[in-house]
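Colleague:
2 protein chains.
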Amino acid sequence: MNTAPAEEPRWLTDEEQRTWRAYVHASTLLEDHLDRQLQRDAGMPHVYYHLLVVLSEAPRRRLRMTELAMRAKITRSRLSHAVARLEKNGWVRREDCADDKRGQFAVLTDQGYDVLAQSAPGHVQAVRQAIFDRLSSEQRESLGEIMQIVAEGLQPKEAGADLPWLR
Amino acid sequence: MNTAPAEEPRWLTDEEQRTWRAYVHASTLLEDHLDRQLQRDAGMPHVYYHLLVVLSEAPRRRLRMTELAMRAKITRSRLSHAVARLEKNGWVRREDCADDKRGQFAVLTDQGYDVLAQSAPGHVQAVRQAIFDRLSSEQRESLGEIMQIVAEGLQPKEAGADLPWLR
DNA sequence: CCTTATTTGTTCAAGTTTCAAGGATGGGCC
DNA sequence: GGCCCATCCTTGAAACTTGAACAAATAAGG
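Just so you know, the sequences run in chain order A and B. All residue numbers for the first sequence refer to the numbering used here, where the first residue is 13 and numbers rise by one. All residue numbers for the second sequence refer to the numbering used here, where the first residue is 13 and numbers rise by one.
1. Near R88 of chain B, which residues of its chain fall below 7 Å by C-beta distance, leaving aside the five closest residues on each side in sequence?
2. How many angstroms separate the CA atom of H37 of chain B from the CA atom of A110 of chain B?
3. With a cut-off of 8 Å, does the C-beta of L175 of chain A fall near any C-beta of chain B?
4. With DSSP run on the structure shown, which of helix, strand or coil describes L147 of chain A?
5. Hey, out of B:S131, B:A118, B:H93, B:A142, whose CA is closest to A70 of chain B's CA?
6. Name the one or two DSSP bridge partners that A118 of chain A has.
7. Pair every Cβ in the segment 159-167 of chain B with every Cβ in the segment 92-112 of chain B, then say whether three or more of these pairs are closer than 8 Å.
8. Going straight from the alpha carbon of S68 of chain B to that of P21 of chain A, what length do you get?
9. Decide if L175 of chain A is buried, meaning its Cβ has at least 16 other Cβ atoms within 10 Å, or exposed.
10. Which residues, in chain order, does the segment 18-32 of chain B contribute to contact with chain A at a C-beta distance below 8 Å?
11. Alpha carbon to alpha carbon, what distance is there between L166 of chain A and H45 of chain B?
12. Answer with yes or no whether the minimum CB distance from M77 of chain A to chain B is below 8 Å.
13. May I ask which residues mark the beginning and end of the alpha helix (DSSP H) holding D26 of chain B?
14. Mind checking R72 of chain B: buried by the 16 CB within 10 Å criterion, or exposed?
15. Taking 8 Å as the threshold (beta carbon to beta carbon), is Q167 of chain B in contact with chain A?
16. May I ask you to list, following chain order, the residues of the segment 118-139 of chain B that have a beta carbon less than 7 Å from some beta carbon of chain A?
17. List the endpoints of the continuous alpha helix (DSSP H) containing K113 of chain B.
18. Which residues bound the alpha helix (DSSP H) around A96 of chain B?
19. If we call anything under 8 Å between Cβ atoms a contact, is V136 of chain B one with W103 of chain A?
20. Which residue marks the beginning of the alpha helix (DSSP H) containing E69 of chain A, and which one marks its end?
21. Quick one: what does DSSP say Q141 of chain A is sitting in, helix, strand or coil?
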């Protein structure tokens with residue numbers, strides 16, 4: 013028996029190595045940048061801002077907790093804490109679900125909407141400045157395709173998922 | 013005087029919007045994925061793992077704290093905590109700097125190197141599986157260029173930086 | 001020298017995220 | 001109904017991150 017990894021793993025080529033490093037650096041810097049920008053201008057980190065965005069696009073500006081967690085790609089636990097915080101800020105409010113007594117809706121408040129409306133321009137500008145303004149239209153297109161592919165590959169397999177949705 | 017934002021901001025086009033969403037989703041899922049993979053196989057999150065990697069590539073496997081922070085794109089504060097944790101694991105050791113009595117070196121221990129060597133294959137496989145195996149060679153190339161550009165744009169301007177290096 | 005400014009790394013407090021556990025409801029099945 | 005198990009969401013503790021404040025040491029100017 014040989015349980016130890018017998019074969020040499022397929023290491024990254026030099027170019028892949030460089031690409032991967034560049035990706036890690038860029039994504040780290042970008043997330044930091046946006047977190048700071050939003051913390052300063054909106055009083056919340058990027059993940060929280062994103063939650064408000066997702067809510068703002070939902071019908072009646074409300075979503076079930078699980079649905080919101082899935083759309084935002086975060087765990088339910090994390091969402092629970094996050095909503096608690098946003099609730100304290102008055103930007104989100106919880107509402108019981110009539111059909112399912114286990115359920116909770118997260119609802120974007122008017123106040124939350126205002127914060128969003130106020131900080132959106134700055135956020136868009138930051139994103140534009142960091143990414144789109146620097147890329148050619150071919151690159152922009154390419155980036156979209158690539159990220160789409162990567163995201164799909166990591167998406168918890170739907171239907172019969174062996175994961176209780178995202179672990 | 014008109015301090016309020018007078019002009020309609022340049023919103024993202026629909027395609028840019030989609031691209032940005034795809035990016036956020038992909039990067040979120042990817043970072044989560046790697047964090048879990050490494051937490052499971054190496055007992056540390058991705059950032060910490062990256063610190064070991066950077067150290068392993070430095071001459072004599074050691075770097076000044078600030079230098080390490082810069083290469084890893086994290087704050088000194090965060091690094092301080094991280095090294096404390098890694099030190100507790102016996103994977104990194106601190107050493108005083110002879111030239112500059114304020115200075116500290118973070119040194120990768122043999123034990124740290126072993127952990128790295130052991131977990132590297134799994135990590136590479138995860139990265140490959142999530143990204144490179146899914147992309148065409150054109151896309152791989154494109155991704156590298158794009159991320160390079162984005163990273164450069166966010167890099168704290170060197171020389172005369174008005175930032176105390178990353179705030 | 002002597003004073004002032006900068007750099008280096010740490011620490012504290014507050015905030016966030018993760019993980020494991022748990023309470024409650026819903027649904028299927030006999 | 002009664003039982004079992006899945007789903008919905010929350011909780012608490014531990015780990016991690018952040019930003020500001022800080023002490024020590026060095027660099028820069030006069």
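We put the beta carbon where it would ideally sit given N, CA and C, even for glycine. These numbers come from a predicted model, not from an experiment.
Modeller: Taking the definition as stated:
1. M77, T78, A81
2. 46 Å
3. Here the model assigns L175 of chain A a pLDDT of 45, short of 50, so the residue's position is not dependable and the matter cannot be decided.
4. coil
5. B:A118
6. A:L75, A:R106
7. no
8. 19 Å
9. Residue confidence is low: L175 of chain A scores 45 on pLDDT, short of 50, so the model does not pin down where it sits. Its coordinate-derived value is still stated next. Exposed, since its Cβ has fewer than 16 Cβ neighbours within 10 Å.
10. P21, R22, W23, L24, E27, E28, R30, T31, W32
11. 8 Å
12. no
13. 26-54
14. exposed
15. yes
16. P133, V136, Q137, V139
17. First-last for K113 of chain B: undefined, no H or E at that position.
18. 88-101
19. no
20. 58-69
21. helix
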